[in-house]
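Under this note's numbering, think of the first position of the sequence shown as 246, with each following residue one higher.
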Amino acid sequence: MFNATSLTLVKALVGATAYAQPAPSAAVEPIPVQAVAHIHRARVDIYCGHNTEAVAGIRAASEELRTSSAVVPAETFVALEQAAWLTRHDQYVQAEEALETALARMTPAGTRA
Numbered sequence: 246m247f248n249a250t251s252l253t254l255v256k257a258l259v260g261a262t263a264y265a266q267p268a269p270s271a272a273v274e275p276i277p278v279q280a281v282a283h284i285h286r287a288r289v290d291i292y293c294g295h296n297t298e299a300v301a302g303i304r305a306a307s308e309e310l311r312t313s314s315a316v317v318p319a320e321t322f323v324a325l326e327q328a329a330w331l332t333r334h335d336q337y338v339q340a341e342e343a344l345e346t347a348l349a350r351m352t353p354a355g356t357r358a
């Protein structure tokens, strides 16, 4: 059935696949600018005490991210949900911190303004 040469060849092929480079993927889709704009606007609304508008902006940012083809870490959505909850419960400082966390998770290091 198998001789020593064919078994060695199979082992070599299996071993070689462990070192194969991943195929180059398509360019990573950037985070939608509109989602970032919604978050920045929500921060202003929180500062101004416009809770309803802030929560609507946070929800819009989350929806924009969900419908985009960008790769968004799950922690971003958690931070956005947390920010919305905190805003509804008048915990503004923590809500702003959650929005900062969401922005930090969305943008690659070194590219934040």
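From the three backbone atoms N, C-alpha and C, an ideal C-beta is built for every residue, glycine too. This structure is a prediction, so every number in the text was calculated from the model and none was measured.
Asked, Found
"Test item: CB-CB of Val300 and Thr346 under 9 Å", "no"
"Cβ-based burial, Thr312 [other Cβ within 10 Å; buried from 16]", "exposed"
"C-beta atoms of Leu325 and Ile291 nearer than 9 Å", "no"
"Cβ-based burial, Glu309 [other Cβ within 10 Å; buried from 16]", "buried"
"C-beta contact flag for Leu344 and Ala282 at 9 Å", "no"
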